[in-house]
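Residue numbers (the working numbering), protein chains in the order written: chain A, 21 to 155; chain B, 808 to 964.
Remarks on the structure that follows.
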Amino acid sequence: MGRFKHQIRLQIPRPLAAGWLIPLKTVRARVNANDVLIQPDALQDAQNDFNWSGVEIKQALLKLNDKNYYDNKLKNHYYDAKPHESYPAENTYIDYYRAHNLLDGESVYTHFYIREHKTTVIINSFKELYNVPED
Amino acid sequence: MSRKTKCEYCDGSVTKVKGILPFKSKALGAVTVPEIEQHKCSKCGNTVISLDEADKVTEFIRIKEQEIINNLPACDFISLNQAAERLGITKQAFSKHPRIKRGFIYSIIIDNKKYFYKRSVEAFKETKDGRVSLSYSSIINQIDVSVKADQINDPTP
Chain A
21 MGRFKHQIRL QIPRPLAAGW LIPLKTVRAR VNANDVLIQP DALQDAQNDF
71 NWSGVEIKQA LLKLNDKNYY DNKLKNHYYD AKPHESYPAE NTYIDYYRAH
121 NLLDGESVYT HFYIREHKTT VIINSFKELY NVPED
Chain B
808 MSRKTKCEYC DGSVTKVKGI LPFKSKALGA VTVPEIEQHK CSKCGNTVIS
858 LDEADKVTEF IRIKEQEIIN NLPACDFISL NQAAERLGIT KQAFSKHPRI
908 KRGFIYSIII DNKKYFYKRS VEAFKETKDG RVSLSYSSII NQIDVSVKAD
958 QINDPTP
């Protein structure tokens, strides 16, 4: 079954994050099923910024929430979604998250996607989020 | 035998291969990690790995780092109390610090006691990251600097 049927359009108005989002329920299920791939650059950043391995990356993904980042920059994580430029013919979107104090006091910026008609979560980026918002 | 899929960035095909993975570590610099299963594009070389393989990579890096740390001169290490004092925190706060627990300050264990690398403690104090470079040239430079400093302080010829 394709990912399309799982997609929901968010009703909340947001400055940047207008578009599609893979429900985190789906992402968590794939993470728990160990169906996750990561790009070496993203792993390098996770290792160099946090000293994290795959185990901690998994834990961090499981702790993400899909509430709009702009509603509460300290507590909410979902930041944006953009169509994947490499797959123009597909309904594949990259979801962006900015999560403050996500795990072990670390703030994480990450983006990942699941290709249409596929199940694997592919993490493109996973690095430290430096700018702490004021509110 | 592996299943072919289309690459994310080009029209090449992605296959599962086992081989070396180039990795840039903060402490070690450029490292090649052997025997890593990768999903690699035959055309552009774009690679992704599973989180299990990611664990293997980080474990390899950790072991290599520890090998070098274990060979550093013992006089460059300080006790937990001294390290906590240098950071201006209590030893309890030092032990519980999540970053220190995660290895942001290099340490060795001698007789069941943990000792911390001085240079790493100083770097942690400055930047909250004590993982200084463990590359050969960096360590040699450091030794050279400390020897020269000792010679300057020592009045005897």
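Glycine included, C-beta positions come from ideal geometry on N, C-alpha and C.
In chain order, what residues of the same chain have a beta carbon less than 7 Å from the beta carbon of residue i, not counting five sequence neighbours either side?
i        : result
B/GLU815 : ASN853
A/ASP69  : LYS147, GLU148
Spatial neighbours of residue i within its chain, please: C-beta separation below 6 Å, excluding the five flanking residues on both sides.
i        : result
A/ARG118 : TYR89, TYR99, TYR129, LEU149
B/GLY836 : SER942
B/ASN888 : LYS898
A/LEU122 : ALA80, LYS83, VAL128
B/ARG926 : VAL939
B/CYS848 : CYS814, GLY819, VAL821
Express the C-alpha separation of residue j and residue i in angstroms, rounding to a whole number.
i        : j        : result
A/HIS26  : A/ASN85  : The predicted model places A/HIS26 with a pLDDT of 44, which falls under 50 and marks its position as unreliable, so this point remains unresolved.
B/GLU874 : B/SER857 : 26 Å
B/VAL824 : B/LYS831 : 20 Å
B/ALA834 : B/GLU860 : 20 Å
A/GLU105 : B/ILE868 : 33 Å
A/LYS78  : A/ALA49  : 11 Å
B/GLY895 : A/ALA109 : 57 Å
B/THR865 : A/HIS97  : 26 Å
B/PRO844 : A/GLN59  : A small fix is needed here, since residue 844 of chain B is Glu in this sequence, not Pro. Near 13 Å, if we compare the C-alpha coordinates of A/GLN59 and B/GLU844.
B/SER940 : B/ARG906 : 17 Å
B/SER902 : B/LYS908 : 7 Å
B/LEU879 : A/ILE143 : 36 Å
A/HIS120 : A/ASN111 : 29 Å
B/GLY883 : B/TYR924 : Rather than Gly, the amino acid found at residue 883 of chain B in this sequence is Asp. About 6 Å.
A/LYS93  : B/ASN877 : 43 Å
B/CYS851 : A/GLU76  : 29 Å
Is it right to say residue i is buried, meaning 16 or more other beta carbons lie within 10 angstroms of its own, or is it exposed?
i        : result
A/LEU41  : buried
B/LEU828 : buried
A/VAL152 : exposed
B/ASP918 : exposed
A/ALA53  : exposed
A/HIS137 : exposed
In chain order, what residues of the same chain lie with their CB nearer than 8 Å to the CB of residue i, ignoring the 5 residues before and after it?
i        : result
B/ALA900 : ALA891
A/THR140 : ARG50, ASP55, VAL56, LEU57, ILE134
B/ILE916 : TYR922
A/LYS87  : LYS95, ASN96, HIS97, TYR98
A/TYR107 : ARG135, GLU136
Check the Cβ-Cβ distances between residue i and every residue of chain B, and say whether any is below 8 Å.
i        : result
A/SER73  : yes
A/LYS147 : no
A/ILE58  : yes
A/MET21  : Residue confidence is low: A/MET21 scores 41 on pLDDT, short of 50, so the model does not pin down where it sits. No coordinate-derived value is stated.
A/ILE114 : no
A/ILE142 : yes
Does residue i come within less than 8 Å of chain A when only Cβ atoms are used?
i         : result
B/THR854  : yes
B/GLU815  : yes
B/PRO905  : yes
B/SER820  : no
B/LEU1006 : Outside the shown range of chain B (808 to 964) lies residue 1006 of chain B, about which nothing can therefore be said.
B/ILE875  : no
B/VAL838  : no
B/VAL864  : yes
B/LEU828  : yes
Measuring alpha carbon to alpha carbon, tell me which residue in the options is nearest residue i.
i        : options                                : result
B/ILE885 : B/GLU872, B/TYR913, B/LYS903           : B/TYR913
B/ILE870 : B/PRO880, B/GLY910, B/ASN919, B/SER820 : B/GLY910
A/ASP61  : B/HIS846, B/LYS847, B/VAL855, B/CYS851 : B/VAL855
A/LYS102 : A/PHE132, A/LYS87, A/ASN92             : A/PHE132
A/GLY125 : B/HIS904, B/TYR924, B/VAL821           : B/HIS904
B/GLY937 : A/ASN52, A/ASN71, A/LYS45, A/ALA66     : A/ASN71
A/GLN67  : B/LYS850, B/THR812, B/GLU929, B/GLU872 : B/GLU872
B/ARG893 : B/LYS932, B/LYS920, B/ASP862, B/ALA881 : B/LYS932
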